[in-house]
Amino acid sequence: MNALFKALSHPVRRRIIEMLRKGPLASGDIAAAFDMSWPTITGHLNALKEAGLVSPERDGASIRYRLEISAVEEALAFLLAMTGARAEDPKEEAPR
C-alpha cells in the first residue's frame, strides 16, 4: 500500500494514470505527452508498475501499459475506510 500511495504522490504519475483510464497505451505514446527524457518516463512507469497500478504487455516491438483497476479500488477502499464512509455509498459523509 505504501508503494501505491508513493506512486500516486507524483503529478506526472497521476497524469499517466488519467491517460490510461481511456485504455492501454504504448510507452512511446505516453512519453510523447511529456517534455521529459525517456529514462525519466521509464522511471515513472516503473514506479507505477511496482505499485501495481499498471501492467505492461509486449505488443510487437513496443510495450503497452494498462491501468490495473484492482489497485485503484484497493486504494479507494482504504481511503473510504479512513473517512468512515462505506464503499457502497462514497457520497455519504463520515460521522463527525
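Sequential numbering from 177 applies to the sequence shown in our numbering. For glycine and all other residues, C-beta sits at the position ideal for the given N, C-alpha and C.
Neighbour-count burial assignment, residue i, 16 or more Cβ in a 10 Å radius
i	result
L221	buried
L255	exposed
A253	exposed
Residues near residue i in its chain [Cβ-Cβ closer than 7 Å; skip 5 each side]
i	result
P266	At P266, the pLDDT of 48 sits below 50, so the modelled position is not reliable; the number obtained from the coordinates is stated separately. Excluding positions up to five away in sequence, the list reads L256.
Cβ-Cβ separation, residue j to residue i (assumed contact under 8 Å), whole Å
i	j	result
L184	Y241	That belief does not hold up - the Cβ atoms of L184 and Y241 are roughly 16 Å apart, past 8 Å.
Boundaries (first-last residue) of the beta strand (DSSP E) holding residue i
i	result
D211	Element bounds for D211: n/a, residue is neither H nor E.
L243	238-243
Cα-Cα separation, residue i to residue j
i	j	result
D235	E244	18 Å
M212	M177	27 Å
S238	G204	8 Å
R190	G219	14 Å
Alpha helix (DSSP H) segment containing residue i, residue limits
i	result
R190	187-196
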